[in-house]
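J.:
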Amino acid sequence: MLIDDDIGMMEAMRVVLKKYSILVSPYTEPIAALENLKNNPKKYDILIINYLMNPVRGDEIVKLVREFNNEIYIILMSGHKELTPSIDVMRSLDIQAYFEKSSRIDQLVLLIESGFKYINSIDNIKTMSRTIELHAIEIADILKNTVGAKDNYTKYHSDRVALYAKMFGTCLGLSEDDLNTLALAAQFHDIGKIGIADNILLKNGKLTESEYEHVKLHTTIGPSILSSSEVFKKALPLIKHHHEQYDGNGYPDGLKGDSIPYLVRILSICDTFDAITGERPYKEAKSIEFGLEEMKKNIGVQFDADLIEKFVDCINLNIDEVNKIHRSSIRNI
Ligand SMILES: [Fe+2]
Ligand SMILES: [Fe+2]
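Residues in the sequence shown are numbered from 78 upward in steps of one, following the working numbering.
#1: Is K243 near L256, with beta carbons less than 9 Å apart?
#2: Check the C-beta distance from Q173 over to Y150 and give it rounded, since I have them as a contact under 8 Å.
#3: Let me confirm a value: H157 is counted as buried when at least 16 other C-beta atoms fall within 10 Å, else exposed. Which label applies?
#4: Put N117 into one of helix, strand or coil per three-state DSSP.
#5: On the DSSP bridge list, what partners appear for A382?
#6: Within 10 Å of its beta-carbon, does L160 have 16 or more other beta-carbons around it, so buried, or fewer, so exposed?
#7: With 16 other CB atoms within 10 Å as the buried threshold, where does R181 fall?
#8: Would you report the Cα separation of G250 and F388, rounded to the nearest angstrom?
#9: So, under 8 Å CB-CB, T354 and G368 are touching, yes? Tell me the CB distance rounded to an integer number of Å.
#10: From the DSSP secondary-structure annotation, give me the bridge partner or partners of L79.
#11: Do S306 and A239 have their C-beta atoms closer together than 9 Å?
#12: Any idea if G225 is buried or exposed, counting beta-carbon neighbours within 10 angstroms, 16 or more meaning buried?
#13: Mind checking whether the beta-carbon of S405 lies closer than 8 Å to any heavy atom of ligand 2?
#14: Please report the distance separating the alpha-carbon of D324 from that of L340.
#15: Taking 8 Å as the line, does the beta carbon of T223 fall inside it for any heavy atom of ligand 2?
#16: Please report the straight-line C-alpha distance between I202 and N276, rounded to a whole angstrom.
#17: For V166, which residues of its own chain have a beta-carbon under 7 Å away from its beta-carbon, when the five flanking residues on both sides are left out?
#18: Quick one: does the C-beta of H266 sit closer than 8 Å to a heavy atom of ligand 1?
#19: The alpha helix (DSSP H) that contains I343, what's its start and end?
#20: Consider the C-beta atom of S198 and the heavy atoms of ligand 2; say whether any pair is separated by less than 8 Å.
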């Protein structure tokens, strides 16, 4: 995108750049250009903008661009050497290059080409870090399967909690980023059970007090396993605190009320709902209605009233999908 109120100069640039196969969208109206950039965030790789324009200066436009677009590569140009903004201003606006207008427009080509090289390297870095993220998730999946090899319930329970969490998070209008954190935490919230002794983890009956204390450790073992990967950074507090209770009687830290982070409270509702309704070797599955009634009984104890009300609404709104998830809990003990 090229923004300049000097039509003659802009046409000359367009012709020269076309010779180098660089496609240019010329704009003489900065405000119209700004709107276009806002509505088409992926359309332009590079913004070339003139500094001295009427009624708005180029740096003022760049300031507005940076409010919604941190990625576009920006080349500022000026025909007045002595009137250009300082290096500090250009740095603060993340302007990557400066071009002094002259008859040697082809010099601009070099700046544009280095802009493209920069964009390509950023793209490569993004692809690489996404690949690394996927590998880390794959490794965590292997760990989850390892837990599953000794305790099938935990593996399928985690899959179901992730489905409930995505559903509930969507009902609550969470951002995409929060939804991803929630789903990731749900998938791996009980991974710490890998460190729980088999005779306790697989016991078909009531746990003794000391056995229960041992099971509680899964909330700290999980985060310590996953903390070596950056990918799980945001999910770790959810994994650590998924057994906290609204009245402060949960574990591991006895967090109380609103000091339990919002996403943790969402995860803990989904986790408990599946634990109540799902089938276990020592207890049969319970109906969805029964599960919701039990959740309501725990308002003020385990959960806050507002979130439970929203959870009940969300379950009723998605009842077909909930039935499907619930049925799978009966097959997968
Ligand atoms: Fe748990
Ligand atoms: Fe769980």
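For each residue, glycine too, the CB sits at the ideal point set by N, CA and C.
T.: According to the structure shown:
#1: yes
#2: 5 Å
#3: exposed
#4: coil
#5: Paired residue(s): none; A382 is not in a bridge.
#6: exposed
#7: exposed
#8: 12 Å
#9: 4 Å
#10: P103 and I125
#11: no
#12: buried
#13: no
#14: 17 Å
#15: no
#16: 46 Å
#17: D136
#18: yes
#19: Y339 to T354
#20: no
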